[in-house]
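Numbering (the numbering used here), first residue to last: 791 to 1365. Accompanying notes for the structure given below.
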């Protein structure tokens, strides 16, 4: 590929039909006199912009298209398009699409232009879906500078966007706020974009690409991410762009410009804006795209290399959490960065991330891989890798609610499922370790009571596998040289679980309920004794369920056993 505005892009059938629709609408909203010939020189330019152009030039397909116009905002054009699709049209229109004669039904029924385009989509074997047109307001304080309208057209996700015309309020030297106007031309819009490779335009009239920064095509060829403007301006305008660069580098296999771009990304002043200027939800979404993308490890390595962890995963409340490190034994270990003021995070974190990647590999058939990673939700597995370092910021005396949890949750606003998983992982970490020790270090596995391990797993809940993975990763952080030995150790524990058929202990139905026990002993009410009775009955069930052929026999024997334990379990006499 050579840097040239004549680089060819071949449109798919859906993209070509979309192009025709957009130009048809644009000419329709122009003055009738100018648009009689269907080609209005004053109608304004229209482009596909951003990531779609980049992906097409790389030979990749993309269903997400940003559409921009030179003489009106995206939402304004979207409103015109919505009206245009609803307007009546002669069946033979649009002429560019078809020269076929209308059928008898269409001759007698009024049709909208939307109907005509849907017919053309059907003939081409495309989705006829045209819906949406949702407006998304701008929110400059949170880095959302543009008002957009989103729609679904012919199976494509369309965002109608503005050319960037807002005032950029930044003085690079000291980050104080001063006014700086940008016009509405395509060139000035291109310079306001995040990366040169995302600032390439595709002109719908000429069907040619336009590289207004003059660097987009050459950077695309060199596989380099850099900002069109001074990097400090670009990242201060929207600090989330730092994380977008990280994601794009991992997704596209690009590197990040080692000069001004990386220096700006490492700037403490600019990094601090991530937690104050960007909503946690937007940060969380970028992380989700990273870990569900083609190369999560590379993305997380960039976060580590750029020293972004505390800003991304602890947010505005990071100082209170990191102050605890000075009192933590973990801070004395060589595995931590020496300059705590500059960067406080374990150097082995990338190793924990690489371990997760190896466990997820389809070629890895070890129990640790198949049970703890491959059988679990991909996003949750990676979330354990993202959060495992938080365990090293906990003091031995910490209990629920752990002080590190609230800042971590507020930083990215995860789902309730993820939040509970973090709290459970921290709460059960020590018991998980001691349970693994008990199993692995036992010289006679046959002497281990099934109920001892089963009740432990049951107490950890249905996410016990992810919690065990979390504990494994924290152990690797503490001493990465032990990784192989730790994998062996955890595999031995899991083998015992499988041999004893305890994988589903958290969801196991207890054979005797509280109601059964009250009926058995003719009790009208429960009492403090019931908890110990239920616990004893559960332990008996775990120890003996393999001895009987079916649940009925197991239940009968459980009742027989429980009758003999009445005095020992202090079950009261009938009311």
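Ideal Cβ placement from N, Cα and C applies to all residues, glycine included. Note that the coordinates shown come from a computational prediction; the quantities given were computed from them, not determined experimentally.
{"Asked": "Distance cut-off 7 Å: residue 1145 Cβ against heavy atoms of the ligand PLP", "Found": "Ligands in the displayed structure: none, and consequently the ligand PLP is not present."}
{"Asked": "Alpha carbon of residue 970 to alpha carbon of residue 861, nearest angstrom", "Found": "Model confidence at residue 970 stands at a pLDDT of 37, short of 50, so the residue's coordinates are unreliable and nothing is read from them."}
{"Asked": "Contact check, residue 1217 vs residue 1252, beta carbons under 8 Å", "Found": "no"}
{"Asked": "Rounded straight-line distance, which links the Cα of residue 995 to that of residue 1032", "Found": "34 Å"}
{"Asked": "Backbone secondary structure at residue 1103 - three-state DSSP", "Found": "helix"}
{"Asked": "Touching by the beta-carbon criterion (3+ pairs, under 8 Å), the region 1223-1233 and the region 1098-1109", "Found": "no"}
{"Asked": "Simplified DSSP state of residue 1080, which is helix, strand or coil", "Found": "helix"}
{"Asked": "Alpha-carbon spacing of residue 945 relative to residue 919, whole angstroms", "Found": "6 Å"}
{"Asked": "First and last residue of the uninterrupted beta strand (DSSP E) at residue 838", "Found": "836-839"}
{"Asked": "Opening and closing residue of the alpha helix (DSSP H) in which residue 799 lies", "Found": "No alpha helix (DSSP H) contains residue 799, which DSSP labels as neither H nor E."}
{"Asked": "Cβ pair residue 834, residue 816 closer than 8 Å", "Found": "yes"}
{"Asked": "Contact between the region 899-919 and the region 798-818 (3+ Cβ pairs under 8 Å)", "Found": "yes"}
{"Asked": "Limits of the unbroken beta strand (DSSP E) element including residue 1016", "Found": "Neither: residue 1016 is in no beta strand (DSSP E) and is coded neither H nor E."}
{"Asked": "Boundaries (first-last residue) of the alpha helix (DSSP H) holding residue 979", "Found": "976-981"}
{"Asked": "contact_flag[the region 1304-1320, the region 1269-1278] where n(CB pairs < 8 Å) is 3 or more", "Found": "no"}
{"Asked": "Segment contact, 8 Å Cβ cut-off, at least three pairs: the region 1263-1271 with the region 1168-1181", "Found": "yes"}
{"Asked": "In DSSP terms, what residue 991 is bridged to", "Found": "839 and 1000"}
{"Asked": "Bounding residues of the alpha helix (DSSP H) (the contiguous stretch that carries residue 1280)", "Found": "1273-1289"}
{"Asked": "Residue 1233 - DSSP class collapsed to helix/strand/coil", "Found": "coil"}
{"Asked": "From 1310, 1356, 1104 and 1336, residue whose alpha carbon lies closest to that of residue 1326", "Found": "1356"}
{"Asked": "Counterpart residues of residue 1074 in DSSP-defined beta bridges", "Found": "DSSP lists no partner for residue 1074."}
{"Asked": "Residues sharing a beta bridge with residue 1032, DSSP", "Found": "According to DSSP, residue 1032 bridges with nothing at all."}
{"Asked": "Short Cβ contact (8 Å threshold) for residue 1240 with residue 1285", "Found": "no"}
{"Asked": "Three CB pairs or more closer than 8 Å across the region 1086-1102 and the region 1032-1044", "Found": "yes"}
{"Asked": "For residue 1300, three-class secondary structure by DSSP", "Found": "coil"}
{"Asked": "Identity of the residue in 1023, 1166, 1067 and 838 nearest residue 951 by Cα", "Found": "838"}
{"Asked": "Meets three-Cβ-pair contact criterion under 8 Å: the region 980-988 and the region 1005-1018", "Found": "yes"}
{"Asked": "From 1214, 1260, 1230 and 1187, residue whose alpha carbon lies closest to that of residue 1171", "Found": "1260"}
{"Asked": "Chain B contact for residue 819 (CB, 8 Å cutoff)", "Found": "The question asks about chain B, but that chain is absent: this structure has only one protein chain."}
{"Asked": "Selection from 1304, 1137, 1245 and 1323 that minimises the alpha carbon distance to residue 1333", "Found": "1245"}
{"Asked": "Member of 1360, 1023 and 1282 whose CA lies at the smallest distance from the CA of residue 1311", "Found": "1360"}
{"Asked": "For residue 940, the residue or residues it bridges with in DSSP", "Found": "924 and 949"}
{"Asked": "Residue 1174 - DSSP class collapsed to helix/strand/coil", "Found": "helix"}
{"Asked": "C-alpha distance - residue 855 paired with residue 940, whole-angstrom precision", "Found": "10 Å"}
{"Asked": "Residue burial classification, residue 927 (beta-carbon count within 10 angstroms, cutoff 16)", "Found": "exposed"}
{"Asked": "Whole-number beta carbon distance between residue 858 and residue 923, since they are thought to touch under 8 Å", "Found": "Residue 923 to residue 858, Cβ: 16 Å. No contact."}
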